[in-house]
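Position 14 (the sequence shown) corresponds to 16 in my numbering; numbering is contiguous.
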Amino acid sequence: MNKDEVISKLGWFTQMKSIPPLTNEFKTEQIVFFENIIHFLQDNGLTTKEILKEGERATDNTEIKIGDLTEEGLKFYLYGIRKWRKKYDRTKDGIKVINDFTFIGKKLKEFREKQNK
């Protein structure tokens, strides 16, 4: 696996070509969501380095690479973070979902329980 391979980048969501054009509200949601994802991963020991410092804002160039995640972190990204994004993509209340740490916390607990079996 290439540790420099980018698995997610904020600009992929904020710079998409869209008709109608992306709203500022959508872009703001994407920034907050990306920051929440990174901080959740960092706060739960799933990263190999600090991707975003506390209070630092994500930019279109902020990215998550395979090498930024621990082995467990990469597996959890594929297991839980993708489900969180799918939940966001299906909802009408994006702000509620991107700030729903209960949902992603349960996914992490579920994931870790499966890993320990």
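Glycine included, each C-beta is placed from N, C-alpha and C at the ideal position. Keep in mind the model is a prediction, meaning the values are calculated, not measured.
- Here the alpha carbon of ILE21 sits roughly 14 Å from the alpha carbon of PHE15.
- Less than 8 Å separates the beta-carbon of LEU54 from that of HIS41.
- Within 10 angstroms of the beta-carbon of VAL8 lie fewer than 16 other beta-carbons, which makes it exposed.
- For LEU12, same chain residues with a beta-carbon under 6 Å away, outside a window of 5 residues either side, are PHE36, ALA60, ASP62, THR64 in chain order.
- In this structure, THR72 places its C-beta atom within 8 Å of the C-beta atom of THR50.
- A distance below 8 Å separates the beta carbons of ASN38 and ASN101.
- As the crow flies, the alpha-carbon of GLU112 is around 11 Å from that of PHE105.
- Exposure of GLN17 is indicated by the presence of fewer than 16 other C-beta atoms within 10 angstroms of its C-beta.
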